[in-house]
Every structure is written in C-alpha cells, then in structure tokens.
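Chemist:
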Amino acid sequence: MKQILVPTDFSENSFNALAYAVAFYKNTACTFYIMNIGTLSESGIATNGFALNYNAIDLPSKMALLEEKIQEISKNNTSKLHLFYGLQEFGNFIDIIRKTIVEKKIDLIVMGTKGTSTLKNTFIGSNTEDVITKVAANLLIVPKKCKFQPLHKIVFPTNFNNFYSFDILQSLTEILRISNGVLEVMSVMVTEKLNSSQEKNKNYLHEYLDEVFEDRYHFYSEKNKNVKDAIEDFTITHAIDMTIMAAKNLNYLQQLLFNSTIKRISKHTKIPVFVLHE
C-alpha cells in the first residue's frame, strides 16, 4: 500500500493535484492523507501553553470543510484500491510534514503550484520550494489546472555529475512501469565532452535502463544553451508529458523551478514535475 500525503489549503490547486495523483495511481493500492496545516494561533494553543480560543474562530469550519472534502472525494472515487483520510495539524509547515512522513510512513508528497497572483510570481510557492530542499521525500508537483493524461514521453534532465542510487532508480522504475511511457534522458553540455566521472555515471544509467526498459528510452544532449532554455525547448519539441528530476541535482532544479516566473510561463510549467529523493 502506497502512502501519499497531500497538503491542502483548501485551494483549487491542491485538490487538482490530488485528482492528478488519484488518476495516475488508479491501479495502485494507495492511502491518501489529505492534511491541512494551521498556525498555532488557530489551534487555540499559544506557544507558552495558554489557551487562545478567541483566535480559533475558523477551526471548526476548517475541520468541517476537511471532513466534507474527504467524504466528497471518497464518494466520487471509483477505485476500490484507494483510501482517503483527513488530517488537521498545527505548527510549522515543514516540521509537521517531517513528523507526518515518519508517523504515516509516507512514500510520496503531492502538491499543486500556486497561482499568478501570489508572492513573487514564481512558478512554485515557498512551501513547495521548502519541501523540495528541506524534506527527504519524493514530491509530485502538479501545475495549476493540469489534468491527467496518459504519459507517453517523460524527460529526465541530468548533467551526469551525480551517481544515481538504487532509491532514485527504483522510484524512476516505478513511474515508468505505471505510465508505460518512454524515458527521454537529456543532458545540457557545458563542455565539449563529459569527464571520466560523468561518463561512468552515464554508462551506469544506460546499462540500468537497457536491462530494465530496453527500447523504451533514449539519450539526448543539447549544446550551447543554458539549462532552463534547453529543457524548455526539449519539452516542447518532444511533446513531453512529465519531467522527472533528482533532488540532488540542485543546479537543474533551481534553474527550472525556483527561477521560473509566471511572466515567462512555458511548457514545463504546464506539466507535472516529479522530484526524486534518496
């Protein structure tokens, strides 16, 4: 049974992300934990332990809304393989996420991107960025209004600087088996040729894919482009349906996600991004 955590602020984006995950894992046994994280003041308990009930006005309505959403989702879901539970927690967002991962043995976190009117107009919100950089768990990021469709092509950008561990390759394998898609491994060349370490990492990945997914993967290299533009262009020209990235490849992640502004919205901000951790 796969354990999936879906943080929600009751926005359309968060429930759209949940809907995408439910569709993607329709044939996989899953437990979905839909969790709202409120501030300590909302809980009615101050940090010094004294009651703050006068600040907890919205708490009953939030808990009722969460329960209502759980019932609605469970009723509309047609898969007998899925279970849905609601969680209401209070405190620091990242601390609560980390605690829940341990307590519920979470395998995956699912989050939606924020809208165009939010802080700094970045593609992903600060909570999502914090989860990527501060929480060691796989993360599926679903763009606003992105609806599930079969994944025919999946891009895996890499510079081959990192050796991909069994955990990352196992997660990659699961995604490919569920989607039955083709993996497009693309690298952006900043030098004329790879160094010995990069060649070793590339060959290892090639051998692994050849053994597990023969005839369902390709290797590409792009030259004379910055990382962001190269990935965006590749995503468009190859009709990519999902991007998979390793969290340890911070250079690619920062350029593709953290520096992506709504003003420069592009194809990659309209397809899901799966971030893999070790």
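Every letter in the sequence shown is one number past the one before it in my numbering, and letter 9, counting from 1, is 410.
Just so you know, even glycine gets a beta-carbon here, dropped at the ideal spot from N, CA and C.
(1) Measure the C-alpha to C-alpha separation of K500 and D634 and round it to an integer number of angstroms.
(2) N437 lies in the beta strand (DSSP E); which residues open and close that run?
(3) Taking DSSP as the reference, what is the three-state secondary structure of I645?
(4) Thinking just about the alpha-carbon of each residue, which of M590, N596, Y605 is nearest to the one in K626?
(5) From which residue to which residue does the alpha helix (DSSP H) around H607 run?
(6) With a threshold of 8 Å on Cβ separation, who are the neighbours of V583 within its own chain once the five nearest residues in sequence on each side are excluded?
(7) DSSP on M402, reduced to helix/strand/coil?
(8) Tell me, please, whether the region 567-580 touches the region 529-536 by the rule of three or more beta-carbon pairs shorter than 8 Å.
(9) Quick one: residues in its chain with C-beta nearer than 8 Å to the C-beta of F549, no 5 flanking neighbours on either side, listed in chain order?
(10) To the nearest angstrom, report how far apart P558 and V586 are at their CA atoms.
(11) State yes or no: is the C-beta of L406 within less than 9 Å of the C-beta of V511?
(12) Go to I530, then tell me how far its alpha helix (DSSP H) extends in each direction, as first and last residue.
(13) By alpha-carbon positions, which one of M402, T644, I645, T638 ends up nearest to I507?
(14) V674 bridges to which residues according to DSSP?
(15) Which two residues bound the contiguous beta strand (DSSP E) that contains D557?
(16) Compute the Euclidean distance between the alpha carbons of V613 and Y565, then round it to the nearest angstrom.
(17) Could you say which of N437, Q404, V543 lies nearest to N493 if we only look at CA atoms?
(18) Which word fits N604, buried or exposed, when buried means at least 16 other C-beta atoms lie within 10 angstroms of its C-beta?
(19) For Y486, name the three-state secondary structure that DSSP assigns.
(20) Alpha carbon to alpha carbon, what distance is there between N562 and Q472?
(21) Can you find the residues in the same chain that come closer than 6 Å, C-beta to C-beta, to I502, ignoring five residues on each side of it along the sequence?
(22) Which residues does DSSP pair with Y565 in a beta bridge?
(23) Do T439 and F491 have their C-beta atoms within less than 9 Å of each other?
(24) Among the residues of its own chain, which have a CB less than 6 Å from the CB of N417, if the five just before and after it don't count?
(25) Helix, strand or coil for I576, going by three-state DSSP, please let me know.
(26) Under the three-state reduction of DSSP, which class applies to F620: helix, strand or coil?
(27) Once DSSP output is grouped into helix, strand and coil, what is the label at E504?
(28) From A631 to E679, what does the alpha carbon distance come to, in whole angstroms?
Modeler: Let me lay it out:
(1) Position 99 of the sequence shown, counted from the first residue, corresponds to residue 500. Position 233 of the sequence shown, counted from the first residue, corresponds to residue 634. About 39 Å.
(2) Start at 1 with the first residue of the sequence shown, and residue 437 comes out as number 36. Its beta strand (DSSP E) spans residues 431-439.
(3) Here the question's residue 645 lines up with position 244 in the sequence shown. If DSSP states are grouped into helix, strand and coil, I645 belongs with the strands.
(4) Within the sequence shown, the letter at position 225 stands for residue 626. Ranking M590, N596, Y605 by Cα distance to K626 puts M590 first.
(5) Taking the first residue of the sequence shown as position 1, residue 607 is located at position 206. 597-613 is the span of the alpha helix (DSSP H), which, as asked, contains H607.
(6) Sequence index remark: in the sequence shown, residue 583 carries index 182 (1-based). Here the set comprises H553, K554, I555, R617, Y618, H619.
(7) Counting from one through the sequence shown, the residue named residue 402 turns up at place 1. M402: coil per DSSP, three-state reduction.
(8) no
(9) Position 148 of the sequence shown, counted from the first residue, corresponds to residue 549. Contacts found: A420, Y421, A424, F425.
(10) The count along the sequence shown starts at 1 and reaches residue 558 at position 157. The count along the sequence shown starts at 1 and reaches residue 586 at position 185. For P558 and V586, the distance between alpha carbons rounds to 6 Å.
(11) Within the sequence shown, the letter at position 5 stands for residue 406. Within the sequence shown, the letter at position 110 stands for residue 511. Yes. Within cutoff.
(12) Position 129 of the sequence shown holds residue 530. In the sequence as displayed, the identity of residue 530 is Glu instead of Ile. Residues 527-535.
(13) Numbered from 1 along the sequence shown, position 106 holds the residue referred to as residue 507. Checked all of M402, T644, I645, T638; the closest Cα to I507 is M402.
(14) As a position in the sequence shown, residue 674 is number 273, starting the count at 1. According to DSSP, which records beta bridges pairwise, V674 is partnered with I542, T644.
(15) Indexing the sequence shown from 1 puts residue 557 at position 156. What sits at residue 557 in the sequence shown is Phe, not Asp. Taken as a continuous stretch (DSSP letters only), the beta strand (DSSP E) holding F557 covers 554-558.
(16) Your numbering for residue 613 matches position 212 in the sequence shown. Your numbering for residue 565 matches position 164 in the sequence shown. Roughly 15 Å separates the two Cα atoms.
(17) One-based indexing of the sequence shown puts residue 493 at position 92. It is N437.
(18) The sequence position of residue 604 within the sequence shown is 203, counting from 1. So N604 counts as exposed.
(19) In the sequence shown, the residue the question calls residue 486 occupies position 85. DSSP places Y486 in strand when its eight states are reduced to three.
(20) Along the sequence shown, one-based indexing puts residue 472 at 71. Along the sequence shown, one-based indexing puts residue 562 at 161. Approximately 46 Å between the Cα atoms of the pair.
(21) The count along the sequence shown starts at 1 and reaches residue 502 at position 101. Counting only Cβ-Cβ distances below 6 Å, and skipping sequence neighbours, we find A538.
(22) In the sequence shown, residue 565 corresponds to position 164, counting from 1. Answer is none; Y565 lacks a bridge partner.
(23) As a first step, residue 439 must be located in the sequence shown, where it is residue number 38. As a first step, residue 491 must be located in the sequence shown, where it is residue number 90. Checking the sequence shown, residue 439 turns out to be Gly, not Thr. A contact, by the Cβ cut-off of 9 Å.
(24) Reading the sequence shown from its first residue, position 16 is the one you call residue 417. Cβ neighbours of N417 beyond the five flanking positions: G513.
(25) Working through the sequence shown from its first residue, we reach residue 576 at position 175. Three-state result, I576: helix.
(26) Here residue 620 refers to the residue found at position 219 when the sequence shown is read from its first residue. Looking at F620 - three-state DSSP - the assignment turns out to be strand.
(27) As a first step, residue 504 is located in the sequence shown; it is residue number 103 there, counting from the start. Three-state DSSP puts E504 in a helix.
(28) Residue mapping note: residue 631 aligns to position 230 of the sequence shown, counting from 1. Residue mapping note: residue 679 aligns to position 278 of the sequence shown, counting from 1. When rounded, the distance between both Cα atoms is 26 Å.
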